[in-house]
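For the sequence shown, the tail end lands on 1331 under our numbering, and the numbers increase by one without skipping.
Virtual Cβ for every residue (Gly too), placed ideally from N, Cα, C.
Structure first, then comments.
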Amino acid sequence: MKKLLWLLLIPLAALGWFAYHRNNSAPPVPFAKVLRETLVSTLPTNGKVEPIEWQAVRTEQAGLVSKVPVQEGQAVSQGTPLAILSDTGLQADLDAAEARVAQARADLATIVAGGKELELAAIESDLARLNVEKEHDQKEYASLRRLADKQAASMQEVDEMKSKVQAAEMGIEALNKRRAALIGRSDKTVAEARLRDAQAAVELAKNHLAQTVIHAPISGVVYNLAARPGSYLNIGALVANVGQTERLRVRVYVDEPELGRVHEGQPVTINWDALPGRTWEGAVERKPANIVALGSRQVGEVLCTIANPGRVLLPGTNVDAHVRTATVTNALTMPKECLRRDANGVGAFVLRGERLAWQPVSTGASSLTRVQIVQGLAEGDAVALPTEETLHSGEVVTPLRQ
930 MKKLLWLLLI
940 PLAALGWFAY
950 HRNNSAPPVP
960 FAKVLRETLV
970 STLPTNGKVE
980 PIEWQAVRTE
990 QAGLVSKVPV
1000 QEGQAVSQGT
1010 PLAILSDTGL
1020 QADLDAAEAR
1030 VAQARADLAT
1040 IVAGGKELEL
1050 AAIESDLARL
1060 NVEKEHDQKE
1070 YASLRRLADK
1080 QAASMQEVDE
1090 MKSKVQAAEM
1100 GIEALNKRRA
1110 ALIGRSDKTV
1120 AEARLRDAQA
1130 AVELAKNHLA
1140 QTVIHAPISG
1150 VVYNLAARPG
1160 SYLNIGALVA
1170 NVGQTERLRV
1180 RVYVDEPELG
1190 RVHEGQPVTI
1200 NWDALPGRTW
1210 EGAVERKPAN
1220 IVALGSRQVG
1230 EVLCTIANPG
1240 RVLLPGTNVD
1250 AHVRTATVTN
1260 ALTMPKECLR
1270 RDANGVGAFV
1280 LRGERLAWQP
1290 VSTGASSLTR
1300 VQIVQGLAEG
1310 DAVALPTEET
1320 LHSGEVVTPL
1330 RQ
């Protein structure tokens, strides 16, 4: 009996040892199910926000910033002061220019009126006197001639009176010429030119003074505000940008290999780290015309238009963008991390009984976490998730269900 008992125990012990060894040598592997679902294929990337309509505001003259009456992100209307420069010396220049205009106008008025008042008064007085003398002498001359005809006066007296009339006429002619010289055409032209120069100096001084107050050229939101009180701005320096922000453009940077997935009109979702959970919706407006370098990346700049209700999203903001490149209904999907690549191509490890089996697959659209399986797998298949151990086809494993 003892011998028979030992003969029975030996196979049982061997069987137990084999089962124990087998269970301890099969590595645990997590698996996920292949499912059917609606798959939204998205292209995640990053981008930068900019207004669709905007203007850069720059200084037209150099100066020290004395005041900045606006803040970054503030909504302003057209003409709102954005910065005020110190007007040191400019008001004095304007006052001096206006004084020169007043003097030039007075000089021109004097010339148009006929010259200097005192000189004109003297000339007019002399002309009046000579005209009276001429009229008197002409009468005397006529009377003497009648008397001479009657032998009542000598010819010498007649000639003397005639000379007096001629002298009066010559004096009157000289005074008229002198009066005309006071209002010569060249003097008036020079005076008018001086007035124009003085008026131009006033306008220039006014423009310089006006340029110390820098206004918003359009209505919008202030961003990239560069002016600071106490800072010095050179001519052409940026004061701020002003742009419309009810609708914004997002310059989305898409890596070159992914550009084939992007088309105009595709929906775009924008996220901003400063406001977690908040999203902005829009669409692809225009594909890139060329490829540019962005750090170590080669990207195309895809332009997207988004709505910005409440004007919360600010121009210049760096954002995350998700372009929805495709939506597949009733798609067969599995987690992206189950997809493996080796020398034989793309595939996944599928659980067949208690063993792994390598299964080549063909993929389609993908989302952030899942990929469409076009060929190679069936709904309900269990596919291996990544593990720290290297897996092999035909290997016995201990399945861990997800």
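Practice item. Using the Cα positions of Lys1091 and Gly1100, report the straight-line distance between them to the nearest angstrom. Key: 14 Å
Practice item. In the DSSP assignment, find the beta strand (DSSP E) that holds Ser1015 and state where it starts and stops. Key: That residue, Ser1015, is in no beta strand (DSSP E); it is neither H nor E in DSSP.
Check your understanding: Going by DSSP, what residues sit across from Val1248 in a beta bridge?
Key -> Gly976
Check your understanding: Which runs of the beta strand (DSSP E) spanning at least 3 residues fall entirely within the stretch 1273-1324, listed in chain order?
Key -> 1274-1281, 1284-1289, 1291-1295, 1299-1304 and 1311-1313
**Study point:** Cβ separation of Val994 and Gly1159, assumed to be a contact under 8 Å, to the nearest whole Å
**Key:** 6 Å
Point to revise | Closest Cα partner of Gly1323 within the set Gly1282, Arg1299 and Ile1302 | key: Gly1282
Exercise for review: Indicate, with yes or no, if the ligand NAD has a heavy atom lying under 7 Å from the CB of Ile1040.
Suggested key: The model depicted lacks the ligand NAD and carries no ligand whatsoever.
Practice item. With Ile1147 as the anchor, note down where its beta strand (DSSP E) starts and where it stops. Key: Taken as a continuous stretch (DSSP letters only), Ile1147 belongs to no beta strand (DSSP E), as it is neither H nor E.
Review point. Exposed or buried, Val1061, counting other C-beta atoms within 10 Å across all chains shown (16 or more means buried)?
Key: exposed
Review point. Using 8 Å as the threshold, is the stretch 1229-1240 in touch with the stretch 1177-1184, meaning 3 or more CB pairs across them?
Key: yes
Point to revise | Presumed contact (8 Å Cβ cut-off) between Thr974 and Val1183, rounded CB distance | key: 6 Å
Point to revise | Residues near Arg1330 by beta carbon distance below 7 Å, same chain, minus five either side | key: Phe960
Point to revise | Contacts around Ala1082, its chain only, beta-carbon distance under 6 Å, and the 5 residues preceding and following it disregarded | key: Leu1073 and Leu1076
Review point. Name the DSSP bridge partner or partners of Asn1200?
Key: Thr1208 and Asp1249
Review point. Which one or two residues does DSSP pair with Lys962 in a beta bridge?
Key: Ala1311
Check your understanding: Where does Arg1299 land, buried or exposed, given buried means 16+ other C-beta within 10 angstroms?
Key -> buried
Exercise for review: Tell whether a beta-carbon distance below 8 Å holds between Leu1037 and Glu1121.
Suggested key: yes
Point to revise | Candidates Gln1195, Arg1029, Ala991 and Glu1086: closest to Val1142 by CA position | key: Ala991
Review point. Looking at the structure shown, is Gly992 part of a helix, part of a strand, or coil, going by DSSP?
Key: strand
Practice item. Count the C-beta pairs between the stretch 1188-1201 and the stretch 1145-1158 that are closer than 8 Å, then say yes if the count reaches three, no if not. Key: no
Practice item. Name the two residues that bound the continuous beta strand (DSSP E) containing Glu1230. Key: Arg1226 to Ala1236
Review point. According to DSSP, is Ala948 helix, strand or coil?
Key: Any reading at Ala948 needs caution, since the residue's pLDDT is 48, under 50, leaving its predicted position unreliable; the model's value is listed next. Ala948: helix per DSSP, three-state reduction.
Check your understanding: Does DSSP put Leu1188 in a helix, in a strand, or in coil?
Key -> helix
Exercise for review: Output yes or no for whether 8 Å exceeds the beta carbon distance between Ala1307 and Val963.
Suggested key: yes
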